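Colleague:
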Amino acid sequence: MKLTVIGLGYLGATHAVAMAELGHEVIGIEPDKTRLEKLAGGELPFHEPNLDKALIRVIKQGNISFKQSHDEQSKDAVAHFLCVGTPQLDSSNAADTSYLFSAIEALAPYMSPDSVVIGKSTVPVGTAAELKSKLSKLSGFDAHLAWNPEFLREGTALEDSLRPDRIVLGVEDEHSEKILREIYEPIVSSENTPVLVMDIPTSELVKVAANSFLATKISFINAMAEISEASGGDVVKLAEAIGMDERIGKQFLRSGIGFGGGCLPKDIRGFMARADQLGVGSAVEFLEDMDSINLRRRQRIVDLARHEFGSLDDKKILVMGAAFKPDSDDLRDSPAVDVARKLKLHGAKVVVHDPMALDRLGIVAPELESNEDLIEASKDAELVVLATEWKDYKQLDPNQLLVKNKTVIDGRNVLDVGLWQQAGWKLIALGRNVHN
Ligand code: UGA
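In the numbering used here, the protein residues as written are 1224 to 1659.
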């Protein structure tokens, strides 16, 4: 089937490649020329395991083409996927949906009455209805519009797209449902994936509700870390024990400096803003607390460092990790970068190491010093902070580091406490008393 995928950021690039892998004929539309040229040349503009090879594969197979804007070819497409970003507005908690409306304006002249516009971006509930009304006005016919949220995680994006837990279809007409079912048929038939058909507002809500739940789970365990710190408990043991109850589940109970990235933080804020507009703000007021707990964990690292040294003035601190999570070079709302900045603001001489994200760090946080050689970066450090749980750090032999003072704060609770202590280190962990 011929499809367009509009917006080739994280979501769009992955979706376009996944659709091409299924054998569809995909036209990827991306206004940013640099990004477009990279993709057309078989190079991903971000790091994502396995997607790089899949991109080259589908280009070779001729299943995908890249364009800066629509042309006559778009008129033959049976479906147009909207994958543009919906970032948080600078001025408030709300999501900026303007890129979606611009995408619709650009698409309208190239739409046929039988084609279906399928939204995948994360949106405030009610956005799809506004987009449909605008699209119908611009195109002059009753346009088909459906919503099909995406649940992929960075680091496993292609796998999540090709083998999702479930496929959610927000539809309001049979034609849209039929097209969507045809598109996903190869996944459903080979993976036996559950397909959930629902009204469009519910499908919009599914995504923000899922991300809010995940954020709440992480903040819950981090709240327990605060309690553990005050009471001498151990949050890692606590998480293990409660997670064994199947009703609770052990995933997303990893305590530490909390969640970041381009999704969870902005989605809970956008959800609160939308609920306020709907007059039901109090229903999700608790998300404000989840946000605060999360941000407090970042500050906790600074407090622990200051508790250790009194003043941080001129103390050399090595921050291990910049990406918001391992196997990603994404720095959007990264807790690691926030911690590094905070330590620097307190006068410390901060050096950041990351296996993958230092080029980006130079662009988004040029004020932070970085070094791609971990051992060299550790030279004369008086404190090491583990901020992103890369495998390189988990497997690190602490004896290799050239520090002046052997103190480490494990911001992700992943280091082997015995190993580090035996090597003569004082290890400080979040939410745990590790008895140095
Ligand atoms: C998240 C959701 O997990 C996806 O289902 C969703 O599709 C995606 O947002 C999106 O909206 O597009 P992602 O942002 O890639 O995916 O990353 P997660 O794996 O959810 O991690 C988010 C943050 O939470 C990271 O900073 C991670 O370090 C942190 N985290 C995660 C914890 O602090 N503890 C945990 O137990 C799990």
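Note that CB positions come from ideal geometry on N, CA and C, so glycine has one too. Here the structure is a predicted model, which is why all the values come from computation and not from measurement.
#1: Under 7 Å from any heavy atom of ligand 1, does the C-beta of residue 1280 make it?
#2: Could you tell me whether any non-hydrogen atom of ligand 1 is closer than 7 Å to the CB of residue 1558?
#3: How big is the Cα-Cα spacing for residue 1518 and residue 1481?
#4: Return helix, strand or coil for residue 1370, following the three-state DSSP convention.
#5: Ignoring anything shorter than 3 residues or poking outside the region 1394-1474, list the beta strand (DSSP E) runs there in chain order.
#6: Return yes when at least one heavy atom of ligand 1 lies under 7 Å from the C-beta of residue 1373, else no.
#7: Hey, quick one: how far does the beta strand (DSSP E) through residue 1342 stretch, first residue to last?
#8: If you check the beta carbons only, do residue 1346 and residue 1379 fall under 8 Å apart?
#9: How about residue 1479 and residue 1635: do their beta carbons lie closer than 8 Å?
#10: Helix or strand or just coil, what does DSSP make of residue 1477?
#11: Using alpha carbons as the reference points, say which of 1306, 1436, 1315 lies closest to residue 1323.
#12: Which same chain residues end up closer than 7 Å to residue 1336 when comparing Cβ atoms and leaving out the 5 residues on each side of it in sequence?
#13: Got a sec, what are the start and stop residues for the alpha helix (DSSP H) residue 1550 sits in?
#14: Regarding residue 1377 and ligand 1, is the C-beta to nearest heavy atom distance less than 7 Å?
#15: How many angstroms separate the CA atom of residue 1285 from the CA atom of residue 1250?
#16: Taking the beta strand (DSSP E) that residue 1176 falls in, what are its first and last residues?
#17: Of all the options 1460, 1296, 1382, 1230, which has the alpha carbon lying nearest to the alpha carbon of residue 1256?
#18: Spatial neighbours of residue 1362 within its chain, please: C-beta separation below 6 Å, excluding the five flanking residues on both sides.
#19: With residue 1304 and residue 1343 assumed to form a contact (beta carbons below 8 Å), what rounded beta-carbon distance in angstroms separates them?
#20: Put residue 1607 into one of helix, strand or coil per three-state DSSP.
#21: Could you give the C-beta distance for residue 1537 and residue 1567, rounded to a whole number, given that I count them as a contact under 8 Å?
#22: Entirely within the region 1583-1607 and at least 4 residues each: give me those alpha helix (DSSP H) ranges in chain order.
#23: Provide the residue(s) that pair with residue 1655 in DSSP beta bridges, ordered along the chain.
#24: Does the separation of the CB atoms of residue 1591 and residue 1575 fall below 8 Å?
#25: Along the chain, which unbroken stretches of the beta strand (DSSP E) at least 3 residues long are found entirely within the region 1282-1327?
#26: Who pairs with residue 1227 in a beta bridge, going by DSSP?
#27: With distance defined between alpha-carbon atoms, name the residue in 1629, 1385, 1407, 1476 nearest to residue 1392.
#28: Going by DSSP, which residues form a beta bridge with residue 1576?
#29: According to DSSP, simplified to helix, strand and coil, what is residue 1633?
#30: Taking only the alpha-carbon atoms, compute the straight-line gap between residue 1601 and residue 1647 and give it to the nearest angstrom.
#31: Roughly how many angstroms separate the alpha carbons of residue 1609 and residue 1658, rounded to a whole number?
#32: Given residue 1621, which residues of its chain have a CB within under 6 Å of its CB, disregarding the five upstream and five downstream residues?
#33: Expressed to the nearest angstrom, what Euclidean distance is found between the alpha-carbon atoms of residue 1461 and residue 1449?
#34: Would you check whether ligand 2 has a heavy atom nearer than 7 Å to the C-beta of residue 1306?
#35: Less than 8 Å separating the beta-carbons of residue 1290 and residue 1252?
#36: Which of helix, strand or coil does DSSP assign to residue 1560?
Modeller: Well, looking at it:
#1: Translated into the one-based positions of the sequence shown, residue 1280 becomes position 57. Because no heavy atom of ligand 1 lies under 7 Å away, the Cβ of residue 1280 does not count as near it: no.
#2: As a position in the sequence shown, residue 1558 is number 335, starting the count at 1. Of the heavy atoms belonging to ligand 1, at least one sits nearer than 7 Å to the Cβ of residue 1558.
#3: Along the sequence shown, read from residue 1 onward, the residue named residue 1518 stands at position 295. Along the sequence shown, read from residue 1 onward, the residue named residue 1481 stands at position 258. A direct Cα-to-Cα measurement between residue 1518 and residue 1481 gives close to 8 Å.
#4: In the sequence shown, residue 1370 corresponds to position 147, counting from 1. Under the three-state reduction of DSSP, residue 1370 is assigned to strand.
#5: Listed in chain order, they are 1418-1421.
#6: Translated into positions along the sequence shown, residue 1373 becomes position 150. The answer is yes for residue 1373.
#7: On the sequence shown, position 119 is the one that residue 1342 refers to. For residue 1342, the enclosing beta strand (DSSP E) starts and ends at 1339-1342.
#8: Here residue 1346 corresponds to residue number 123 of the sequence shown, with the count starting at 1. Here residue 1379 corresponds to residue number 156 of the sequence shown, with the count starting at 1. It is not a contact, given that the beta carbons lie outside the stated cut-off.
#9: Stepping through the sequence shown from its first residue, residue 1479 is reached at position 256. Stepping through the sequence shown from its first residue, residue 1635 is reached at position 412. Yes, the Cβ-Cβ distance between residue 1479 and residue 1635 is below 8 Å.
#10: Position 254 of the sequence shown, counted from the start, is the residue given in the question as residue 1477. In the structure shown, residue 1477 falls within a coil segment according to DSSP collapsed to helix, strand and coil.
#11: Translated into positions along the sequence shown, residue 1323 becomes position 100. Of the listed residues, the one whose Cα sits closest to residue 1323 is 1306.
#12: As a first step, residue 1336 is located in the sequence shown; it is residue number 113 there, counting from the start. 1364.
#13: For this step, residue 1550 is matched to residue 327 along the sequence shown. It is not in any alpha helix (DSSP H) - residue 1550 carries neither H nor E in the DSSP assignment.
#14: The residue you call residue 1377 lines up with position 154 of the sequence shown. In this structure, residue 1377 has its CB closer than 7 Å to one or more heavy atoms of ligand 1.
#15: Here residue 1285 corresponds to residue number 62 of the sequence shown, with the count starting at 1. Here residue 1250 corresponds to residue number 27 of the sequence shown, with the count starting at 1. Those two C-alpha atoms are separated by around 11 Å.
#16: Any question about residue 1176 goes unanswered here, given that the chain covers just 1224 to 1659.
#17: Stepping through the sequence shown from its first residue, residue 1256 is reached at position 33. Nearest C-alpha to residue 1256: 1230.
#18: What you label residue 1362 is simply residue 139 of the sequence shown in a count that begins at 1. Excluding positions up to five away in sequence, the list reads 1331, 1334.
#19: Here residue 1304 refers to the residue found at position 81 of the sequence shown. Here residue 1343 refers to the residue found at position 120 of the sequence shown. About 6 Å; that satisfies the 8 Å criterion.
#20: Position 384 of the sequence shown, counted from the first residue, corresponds to residue 1607. Residue state, collapsed to three classes: strand.
#21: The residue given as residue 1537 occupies position 314 in the sequence shown. The residue given as residue 1567 occupies position 344 in the sequence shown. Not really, about 11 Å apart at Cβ, beyond 8 Å.
#22: Runs of the alpha helix (DSSP H) inside the region 1583-1607: 1597-1600.
#23: By 1-based counting over the sequence shown, the position of residue 1655 is 432. Beta-bridge pairing links residue 1655 to 1652.
#24: Here residue 1591 is taken as the residue at index 368 of the sequence shown, counted from 1. Here residue 1575 is taken as the residue at index 352 of the sequence shown, counted from 1. In contact: residue 1591 and residue 1575 (Cβ atoms closer than 8 Å).
#25: As for any beta strand (DSSP E) of minimum length 3 sitting wholly inside the region 1282-1327, the runs are 1287-1290, 1302-1305, ordered along the chain.
#26: Working through the sequence shown from its first residue, we reach residue 1227 at position 4. Its beta-bridge partners are 1250, 1303.
#27: Looking up residue 1392 in the sequence shown gives position 169. Across the set 1629, 1385, 1407, 1476, the C-alpha of 1407 shows the shortest separation from the C-alpha of residue 1392.
#28: Here residue 1576 refers to the residue found at position 353 of the sequence shown. Per DSSP, 1543.
#29: Here residue 1633 refers to the residue found at position 410 when the sequence shown is read from its first residue. Residue 1633 carries a strand assignment under DSSP once its states are collapsed to helix, strand and coil.
#30: Stepping through the sequence shown from its first residue, residue 1601 is reached at position 378. Stepping through the sequence shown from its first residue, residue 1647 is reached at position 424. If I take the Cα positions, the gap works out to 16 Å.
#31: Looking up residue 1609 in the sequence shown gives position 386. Looking up residue 1658 in the sequence shown gives position 435. Linking residue 1609 to residue 1658 through their CA atoms gives a straight-line distance of about 19 Å.
#32: Reading the sequence shown from its first residue, position 398 is the one you call residue 1621. Contacts found: 1643, 1646, 1648.
#33: What you label residue 1461 is simply residue 238 of the sequence shown in a count that begins at 1. What you label residue 1449 is simply residue 226 of the sequence shown in a count that begins at 1. Between residue 1461 and residue 1449, the alpha-carbon positions lie close to 12 Å from each other.
#34: This structure simply doesn't include ligand 2; it includes ligand 1 instead.
#35: Against the sequence shown, residue 1290 aligns to sequence position 67. Against the sequence shown, residue 1252 aligns to sequence position 29. For the 8 Å CB-CB criterion, residue 1290 and residue 1252 form a contact.
#36: Locating residue 1560 in the sequence shown gives position 337, where the first residue counts as 1. In the three-state reduction of the DSSP assignment, residue 1560 falls in the helix class.
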